[in-house]
Amino acid sequence: MSEAVVAHNRLIAPGYYRMGLQWKSPGVTPGQFIMLRVSADSLDPLLRRPFGVYDVLRGAKGIEILYRVVGRGTKIMSTLRPGDMADIFGPLGNGFPAVKDPGRAVMVAGGMGIAPFYMLAKDILKRGENAALFYGARGRTDAAIATDFRKLKGLKVEVATEDGSMGEKGLVTDIFGKKAVWLAGEASVVYACGPSGMLKEVARISKKNGLRCFVSLERAMACGIGVCLGCAVRTGKTAGKGTDRKKYGMVCSDGPVFPGEDIEWESL
Amino acid sequence: MSEAVVAHNRLIAPGYYRMGLQWKSPGVTPGQFIMLRVSADSLDPLLRRPFGVYDVLRGAKGIEILYRVVGRGTKIMSTLRPGDMADIFGPLGNGFPAVKDPGRAVMVAGGMGIAPFYMLAKDILKRGENAALFYGARGRTDAAIATDFRKLKGLKVEVATEDGSMGEKGLVTDIFGKKAVWLAGEASVVYACGPSGMLKEVARISKKNGLRCFVSLERAMACGIGVCLGCAVRTGKTAGKGTDRKKYGMVCSDGPVFPGEDIEWESL
Amino acid sequence: MGIPLKKVDLRVDAGGGLKLKNPVMTASGTFGYGVEFEPYMDLGRLGAIVVKGLSLLPREGNPPPRTTETPCGMLNAIGLQNIGVEAFIREKLPRLKRFKTPVIANIFGETVGEYREVARRLDGEPGVAAIEINISCPNVKKGGLSFGTDLREAARVVTAVRKATRLHVMTKLSPLADIKVMVRAVEDAGTDSISLINTIPGMAIDVERRRPVLSTVTGGLSGPAIRPVAVRCVWEAAKVARVPLIGIGGIVTASDALEFIIAGATAVQIGTANFLDPSASVGVIDGMEDYMKRHGVKKVKNLTGSLG
Amino acid sequence: MGIPLKKVDLRVDAGGGLKLKNPVMTASGTFGYGVEFEPYMDLGRLGAIVVKGLSLLPREGNPPPRTTETPCGMLNAIGLQNIGVEAFIREKLPRLKRFKTPVIANIFGETVGEYREVARRLDGEPGVAAIEINISCPNVKKGGLSFGTDLREAARVVTAVRKATRLHVMTKLSPLADIKVMVRAVEDAGTDSISLINTIPGMAIDVERRRPVLSTVTGGLSGPAIRPVAVRCVWEAAKVARVPLIGIGGIVTASDALEFIIAGATAVQIGTANFLDPSASVGVIDGMEDYMKRHGVKKVKNLTGSLG
Ligand SMILES: Cc1cc2nc3c(=O)[nH]c(=O)nc-3n(C[C@H](O)[C@H](O)[C@H](O)COP(=O)(O)OP(=O)(O)OC[C@H]3O[C@@H](n4cnc5c(N)ncnc54)[C@H](O)[C@@H]3O)c2cc1C
Ligand SMILES: Cc1cc2nc3c(=O)[nH]c(=O)nc-3n(C[C@H](O)[C@H](O)[C@H](O)COP(=O)(O)OP(=O)(O)OC[C@H]3O[C@@H](n4cnc5c(N)ncnc54)[C@H](O)[C@@H]3O)c2cc1C
Ligand SMILES: Cc1cc2nc3c(=O)[nH]c(=O)nc-3n(C[C@H](O)[C@H](O)[C@H](O)COP(=O)(O)O)c2cc1C
Ligand SMILES: Cc1cc2nc3c(=O)[nH]c(=O)nc-3n(C[C@H](O)[C@H](O)[C@H](O)COP(=O)(O)O)c2cc1C
Ligand code: FES
Ligand code: FES
């Protein structure tokens with residue numbers, strides 16, 4: 002769709018890359034994503050791959066994504082070099098809703114789910130609001146991708162690792178759960194992104210504590226613009242304007258961010 | 002099949018590249034070819050691409066190929082950089098037969114057909130025999146790929162270009178045809194590689210003048226080792242040991258080099 | 205054909221009153237209700253827009269996962285989620301009909317009666333140029349492919365739709381049908397044109413979990429992977445067809461589209477390629493024009509069935 | 205299944221006396237007469253070798269071009285060029301039978317009588333473990349697919365071969381057949397196992413020349429592109445089959461092969477992948493073993509039809 006030029010493609014931790022893409026992008030809302038065509042000269046892998054926007058390049062000259070190599074598409078991406086062309090499409094999706102006067106904006110991230118929060122955190126801090134990040138990773142190596150967040154002034158960062166090699170030992174939902182009551186007192190809003198099991202738990206904890214909660218979902222996507230109807234997720238309340246005919250929401254166009262209580266978690 | 006490392010991949014003329022491949026190759030006979038898998042992480046393009054061996058790297062540490070970008074496969078190849086892995090299979094095919102005491106070995110090349118002659122020319126010159134190259138190209142730019150040949154001491158090089166921008170104006174078969182009688186007097190052997198129309202003409206001229214002639218053919222290939230039976234070419238005399246059941250020869254395993262008189266030219 | 209041209213004629217007549225400014229349509233289910241593509245292209249450039257399959261009542265479709273990638277292709281099992289024919293007419297058509305591009309309504313029913321009712325509802329609706337009957341969807345339990353592989357059932361559906369509307373009727377075939385006899389059957393039942401192919405039934409298994417990838421186990425294979433099969437189906441159909449054919453399956457480039465036209469199609473539809481590039485069809489139109497100029501082909505209709 | 209294992213059992217019983225040390229065979233027409241692969245791999249590691257289709261008399265095959273690449277696949281129209289059953293027995297078999305790998309002779313005839321004669325000639329030939337009946341080749345004018353899509357004709361061929369040999373009889377089906385009824389028909393005719401799928405008929409056009417790429421216009425599509433279709437065919441066959449199934453179509457990796465086995469196949473065949481890597485099948489065997497160890501699957505036969 003749009004030709005972008007790879008500005009950089011840096012290994013920042015084993016298996017994790019940050020890729021800068023020079024690109025005349027329209028404005029981006031934190032939580033939106035782009036779809037990247039992995040190879041222009043090949044029809045395999047065929048479909049575009051979705052990636053959250055990690056940051057906007059200085060002077061809005063493009064964007065940056067943070068990605069992990071998990072399969073063929075991301076493997077091919079990791080071989081791109083500065084100056085190479087990349088075909089991107091976006092920004093797509095709704096992004097995180099700005100909430101009026103939250104006592105504190107709380108971001109809960111699991112693994113790669115941290116990607117869309119860098120831009121969100123910067124935006125929130127810029128508005129002078131309070132922000133905290135709870136981040137869960139498997140171990141020290143994975144947790145290394147949170148380094149940039151530590152440099153954001155005013156952002157409270159708490160880390161949990163499954164192997165205990167960094168921060169608290171356990172899941173991110175454990176550390177978030179412990180603080181939930183206290184956060185509720187501050188009338189915080191919760192933004193979560195990560196594996197669906199984690200999101201479900203964050204939504205549950207939030208609901209229990211009366212915290213407004215927004216989750217960013219992931220689904221295999223073909224079109225990214227709501228036309229293939231492939232990335233369906235069963236939603237309850239947001240299911241259209243007073244009709245029952247739209248029981249499925251599309252993660253790409255109705256999301257990727259949904260109010261936590263709108264997702265039928267059992268169906269995921 | 003075999004992992005090779007790209008040593009260099011140099012643009013030597015617009016659209017033409019020379020790629021060095023570090024590779025523990027078995028010995029190579031001039032005229033043999035290798036098959037390269039263009040992309041390890043993609044199934045499209047699916048099949049390996051055949052390339053004649055252009056040269057052997059110093060110390061037999063690998064080989065070099067000379068290729069022109071004509072489609073997707075070669076386009077992807079042109080993006081490979083030193084240090085990248087390349088999956089190659091070979092050497093395959095029969096190669097040019099060494100002929101005892103030729104008065105002169107004459108190579109007739111059209112376009113990319115020049116590729117397998119560099120190694121052949123070096124071998125012949127090393128044996129102290131006489132060698133000449135007739136080379137036909139569209140124009141000066143394409144003809145530039147013959148530069149290396151001019152540096153081979155003792156090799157007579159005659160060039161024809163279709164647009165007359167270098168050497169004689171015309172086809173390589175014109176300049177070869179003019180010298181054919183004289184060459185016949187020297188009891189020369191003719192090796193030809195290029196488009197099939199050209200090969201047919203070289204075979205005809207050679208036959209008329211009583212010159213022994215070997216042609217190297219090109220066919221779309223799938224396996225490269227004579228098992229898919231895809232690269233069939235109708236042959237007359239070489240059709241097996243006294244049976245009529247093998248009217249088709251396989252370019253990959255019976256060839257790519259065939260005696261000129263064995264090809265049923267009308268069928269090409 | 206031969207001398208390079210400056211101007212060429214892309215118009216085609218798809219029969220039954222359906223005249224197109226060029227032979228490139230977008231395929232049902234891959235282009236939403238058309239309006240979603242407004243930000244990415246000029247919808248007015250398209251030969252026609254075929255909208256997502258419509259049923260009498262809204263359908264919620266199959267549970268996820270609904271799509272997965274395969275080598276040079278994808279499997280889908282959307283299950284014809286759609287807003288229903290009423291909502292389409294009310295909410296989507298008014299916007300869509302403002303473009304100078306014919307709108308083709310792809311329709312689906314679980315019974316012959318449902319097909320007839322959807323067709324009747326669309327008949328005479330200003331802005332609808334044609335009806336494409338989907339009797340070849342592999343992703344629904346009732347209807348769909350069960351009509352598309354049975355000659356008598358297929359003919360019944362087409363006859364019923366034919367009677368219910370004066371619009372151009374296009375019938376969309378499955379590659380699993382016995383093409384030649386099916387072409388005859390739907391022609392005899394009164395179809396104005398035939399589009400082919402719909403997706404090929406296929407499946408993928410997540411071996412780590414030993415579970416089907418799609419919630420419905422099987423789905424429909426589309427994309428470049430199926431193109432050789434689709435071209436062959438069109439070529440077979442062209443041997444017997446008396447009505448115009450619309451070629452579908454794996455088209456990404458103008459060259460791909462031309463394969464279908466040369467094999468015997470009057471027009472083509474672009475499906476999965478819309479996901480790779482929302483303006484893929486415009487690229488195909490431009491490329492086709494280039495080809496014709498280069499080859500000195502004045503009218504694209506002269507290319508139909510021009511295989512030498 | 206669950207605890208990682210150190211040792212696993214890859215043996216499978218393909219029925220009718222055909223026991224294999226592992227479920228990975230090479231597919232007919234993609235592995236020559238086997239011996240050509242000696243320089244590139246240990247033929248002794250294979251579950252079985254299926255040789256190029258053999259006919260009663262040598263066949264010269266179709267004129268070139270015979271192959272062309274397509275997205276994630278290839279089309280071939282070899283036309284069953286082969287040295288004939290006599291020459292195979294005389295020239296190839298002696299060498300081939302020295303490996304501890306069963307040799308399966310793929311056979312072909314233009315008439316039922318020819319199938320029977322080829323089978324009879326192979327019967328009792330030491331070193332031949334089974335006969336695979338090819339009633340699904342799309343690339344020959346007579347025989348082949350004309351038998352493979354007609355239930356009665358298919359049954360006649362299988363019955364004739366069954367009577368002509370005591371060897372294991374494997375019948376190879378076309379994806380164009382109505383799978384479930386065809387499975388029944390060839391089972392009733394006495395086949396010991398069923399292999400599927402053969403290539404899918406397809407075609408490609410050189411648009412610049414407006415000519416078919418293949419000399420025969422249509423050819424057979426193989427390779428990764430067809431895998432989803434092939435897995436679905438095996439899964440459908442598995443619903444009704446009483447004899448073991450052999451899955452074929454687009455297998456490149458162990459994961460691909462496992463899809464077929466989990467869908468219901470007892471064993472698999474590797475075709476086009478041999479062209480990408482002559483030792484592809486050994487890679488599949490190794491990968492399958494890894495998978496089983498990792499998942500704590502002791503016997504590969506426990507994976508057959510294990511789709512959850
Ligand atoms: C809205 C959205 C935003 C995303 N943002 C990021 C991001 O910022 N950084 C990042 O590293 N990843 C992100 N992902 C996930 C990323 O899209 C996948 O990791 C990528 O598509 C995998 O491609 P692959 O070819 O390497 O893997 P494949 O070989 O295709 O598959 C490897 C694994 O990835 C899974 N996968 C494949 N496609 C998708 C997909 N479209 N969505 C989710 N999972 C998939 C497969 O199920 C499989 O388990 C995002 C996904 C979505 C939907
Ligand atoms: C024995 C042999 C030796 C060769 N040696 C050389 C060499 O030294 N240097 C060089 O530049 N080229 C050589 N070729 C040709 C080279 O293989 C093709 O140019 C290459 O395969 C094209 O791949 P592609 O993906 O870029 O083109 P594609 O997109 O596949 O096709 C582009 C064009 O190339 C033709 N083509 C495709 N595959 C082949 C094939 N296997 N053989 C011939 N033509 C094909 C197509 O018909 C088409 O016209 C040789 C071919 C053979 C058979
Ligand atoms: C996600 C998706 C949804 C589809 N939905 C429909 C549909 O509603 N009605 C229909 O007739 N065909 C439907 N199809 C089939 C396409 O219209 C087309 O026939 C098929 O995808 C082959 O073309 P392609 O390879 O260009 O995609 C759908 C295809 C896809 C990929
Ligand atoms: C070049 C080629 C030749 C083939 N020849 C035969 C044959 O002689 N007999 C046969 O039964 N199948 C033949 N086949 C079909 C294969 O055995 C196999 O069924 C098909 O290719 C699908 O498997 P694949 O996708 O792994 O290649 C041939 C396939 C190819 C590609
Ligand atoms: S990816 Fe197509 S609807 Fe969401
Ligand atoms: S390429 Fe397979 S036989 Fe020559």
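Chains as they are written, first to last, in the working numbering: chain A, 2 to 269; chain B, 2 to 269; chain C, 205 to 512; chain D, 205 to 512. Heads up, the beta-carbon is just placed ideally off N, CA and C, and yes, glycines get one too.
Exercise. Nearest chain D C-beta to Ser-189/B closer than 9 Å, yes or no?
Worked result: One-based indexing of the second sequence puts residue 189/B at position 188. No - not a single Cβ of chain D is within 9 Å of the one on Ser-189/B.
Exercise. If you draw a straight line from the C-alpha of Asp-245/A to the C-alpha of Arg-263/C, how long is it?
Worked result: Residue 245/A sits at position 244 when you count from the first residue of the first sequence. Residue 263/C sits at position 59 when you count from the first residue of the third sequence. Unreliable placement is indicated for Asp-245/A, whose pLDDT of 46 sits below 50; the coordinate value is still reported in the next sentence. Cα-Cα distance, rounded: 10 Å.
Exercise. By Cβ distance below 8 Å, which residues in the same chain neighbour Gly-237/B in space, the five residues on each side in sequence not counted?
Worked result: Position 236 of the second sequence, counted from the start, is the residue given in the question as residue 237/B. The residues are Glu-262, Asp-263, Ile-264, Glu-265.
Problem set entry | Backbone secondary structure at Ile-253/D - three-state DSSP | The count along the fourth sequence starts at 1 and reaches residue 253/D at position 49. Residue state, collapsed to three classes: strand.
Exercise. Starting from Ser-43/A and walking both ways along the alpha helix (DSSP H), at which residues does that stretch end?
Worked result: Mapped onto the first sequence, residue 43/A falls at position 42. Looking at the DSSP string, Ser-43/A is not in any alpha helix (DSSP H), and its letter there is neither H nor E.
Problem set entry | Status (buried if at least 16 other CB within 10 Å, exposed otherwise) for Asp-460/C | Walking along the third sequence from the start, residue 460/C turns up at place 256. Flag for Asp-460/C reads buried.
For this session: Decide if Arg-413/C is buried, meaning its Cβ has at least 16 other Cβ atoms within 10 Å, or exposed.
Result: Counted from its first residue, the third sequence places residue 413/C at position 209. Exposed: under 16 other Cβ atoms inside 10 Å.
Exercise. Alpha carbon to alpha carbon, what distance is there between Gly-468/C and Pro-227/C?
Worked result: In the third sequence, the residue the question calls residue 227/C occupies position 23. In the third sequence, the residue the question calls residue 468/C occupies position 264. So the two alpha carbons sit approximately 13 Å from each other.
Exercise. Quick one: which chain B residues come within Cβ less than 8 Å of Gln-285/D?
Worked result: Mapped onto the fourth sequence, residue 285/D falls at position 81. Here the neighbours are Leu-230, Ala-233, Tyr-249.
For this session: Go ahead and label Lys-505/D buried or exposed: buried means 16 or more other beta carbons lie within 10 angstroms of its beta carbon, across all protein chains shown.
Result: Your numbering for residue 505/D matches position 301 in the fourth sequence. Its Cβ being crowded by 16 or more others within 10 Å, Lys-505/D is buried.
For this session: Put Pro-448/C into one of helix, strand or coil per three-state DSSP.
Result: Working through the third sequence from its first residue, we reach residue 448/C at position 244. It is coil, neither helix nor strand.
Exercise. Going straight from the alpha carbon of Tyr-119/A to that of Val-6/A, what length do you get?
Worked result: For this step, residue 119/A is matched to residue 118 along the first sequence. For this step, residue 6/A is matched to residue 5 along the first sequence. Tyr-119/A and Val-6/A: Cα-Cα distance of roughly 22 Å.
For this session: Below 7 Å between beta carbons is the criterion; list the residues of the segment 62-89 of chain A that meet it against any residue of chain B, in chain order.
Result: Arg-73, Lys-76, Ile-77
Exercise. Is Pro-260/B near ligand 1, with its Cβ less than 8 Å from a heavy atom?
Worked result: By 1-based counting over the second sequence, the position of residue 260/B is 259. No.
Problem set entry | Neighbourhood of ligand 2 [Cβ distance below 6 Å to any heavy atom], ordered by chain position | Phe-34/B, Pro-46/B, Arg-50/B, Pro-51/B, Phe-52/B, Gly-53/B, Ile-66/B, Leu-67/B, Tyr-68/B, Arg-69/B, Val-71/B, Gly-72/B, Arg-73/B, Gly-74/B, Thr-75/B, Met-113/B, Ala-116/B, Glu-219/B, Arg-220/B, Ala-221/B, Met-222/B, Pro-257/B
Exercise. Rounded to a whole number of angstroms, what is the C-alpha to C-alpha distance between Tyr-17/A and Tyr-55/A?
Worked result: Taking the first residue of the first sequence as position 1, residue 17/A is located at position 16. Taking the first residue of the first sequence as position 1, residue 55/A is located at position 54. Between Tyr-17/A and Tyr-55/A, the C-alpha separation is close to 13 Å.
Exercise. Which of the three DSSP states, helix, strand or coil, is assigned to Asp-327/D?
Worked result: Within the fourth sequence, the letter at position 123 stands for residue 327/D. Three-state result, Asp-327/D: coil.
Exercise. Measuring CA to CA, which of Val-390/C, Thr-395/C, Pro-379/C is closest to Asn-402/C?
Worked result: Residue mapping note: residue 402/C aligns to position 198 of the third sequence, counting from 1. Nearest C-alpha to Asn-402/C: Pro-379/C.
For this session: Could you work out which residues of chain D lie near Pro-405/C, taking near to mean beta carbons separated by less than 8 Å?
Result: Counted from its first residue, the third sequence places residue 405/C at position 201. The contacting residues are Val-433, Arg-436.
Problem set entry | N-terminal and C-terminal residue of the beta strand (DSSP E) that Phe-312/C is part of | Counting from 1 along the third sequence, the entry for residue 312/C is found at position 108. From DSSP, Phe-312/C is part of no beta strand (DSSP E); its letter is neither H nor E.
Exercise. Cα-Cα, which of Leu-480/C, Ala-334/C, Val-438/C is closest to Val-307/C?
Worked result: Working through the third sequence from its first residue, we reach residue 307/C at position 103. Val-307/C has its Cα closest to that of Ala-334/C, out of Leu-480/C, Ala-334/C, Val-438/C.
For this session: Measure the alpha-carbon distance for Ile-207/D versus Ser-268/A and round it to whole angstroms.
Result: Taking the first residue of the fourth sequence as 1, we reach residue 207/D at position 3. Taking the first residue of the first sequence as 1, we reach residue 268/A at position 267. So the two alpha carbons sit approximately 29 Å from each other.
Exercise. What are the boundary residues of the alpha helix (DSSP H) that includes Ile-176/B?
Worked result: In the second sequence, residue 176/B corresponds to position 175, counting from 1. Element bounds for Ile-176/B: 173-186.
Problem set entry | Neighbouring residues, chain F, relative to Pro-267/D (Cβ below 9 Å) | Any reference to chain F falls outside this structure, whose protein chains are A, B, C and D.
Problem set entry | Runs of beta strand (DSSP E) wholly within the segment 206-267 of chain A (minimum 3 residues, chain order) | 213-217, 233-235, 249-251, 258-260
For this session: Name the two residues that bound the continuous alpha helix (DSSP H) containing Arg-50/B.
Result: The sequence position of residue 50/B within the second sequence is 49, counting from 1. From DSSP, Arg-50/B is part of no alpha helix (DSSP H) but of the beta strand (DSSP E) over 50-53.
Exercise. Closer than 8 Å: is that where the CB of Leu-230/A sits relative to any heavy atom of ligand 5?
Worked result: Taking the first residue of the first sequence as position 1, residue 230/A is located at position 229. Leu-230/A Cβ: within cutoff of ligand 5.
For this session: Can you tell me which of the three DSSP states Cys-341/C falls into?
Result: By 1-based counting over the third sequence, the position of residue 341/C is 137. In this structure, Cys-341/C counts as coil in the three-state DSSP scheme.
Problem set entry | Local conformation of Glu-391/C per DSSP, three classes | What you label residue 391/C is simply residue 187 of the third sequence in a count that begins at 1. In this structure, Glu-391/C counts as helix in the three-state DSSP scheme.
Exercise. Is Tyr-17/A helix, strand or coil when you go by DSSP?
Worked result: Counting from one through the first sequence, the residue named residue 17/A turns up at place 16. Strand at Tyr-17/A.
Exercise. Can you find at least 3 beta carbon pairs, one from the segment 213-231 of chain B and one from the segment 467-486 of chain D, that sit closer than 8 Å?
Worked result: yes
Problem set entry | Outcome for Asp-143/A when other beta-carbon atoms lying within 10 angstroms are tallied against a minimum of 16 | Position 142 of the first sequence, counted from the first residue, corresponds to residue 143/A. Under this definition Asp-143/A is a buried residue.
Exercise. Three-state secondary structure (DSSP) at Tyr-192/B?
Worked result: As a working note, residue 192/B is residue 191 in the second sequence. Here Tyr-192/B sits in strand by DSSP.
Exercise. Within 9 Å (strictly less), CB to CB, does Ala-221/A reach chain C?
Worked result: Locating residue 221/A in the first sequence gives position 220, where the first residue counts as 1. True, the Cβ-Cβ gap to chain C drops below 9 Å.
Problem set entry | Distance CB(Ile-452/D)-CB(Ser-510/D) smaller than 9 Å | By 1-based counting over the fourth sequence, the position of residue 452/D is 248. By 1-based counting over the fourth sequence, the position of residue 510/D is 306. Result no, Cβ atoms of Ile-452/D and Ser-510/D do not sit closer than 9 Å.
Exercise. Under three-state DSSP, which class holds Asp-213/C?
Worked result: Against the third sequence, residue 213/C aligns to sequence position 9. Strand.
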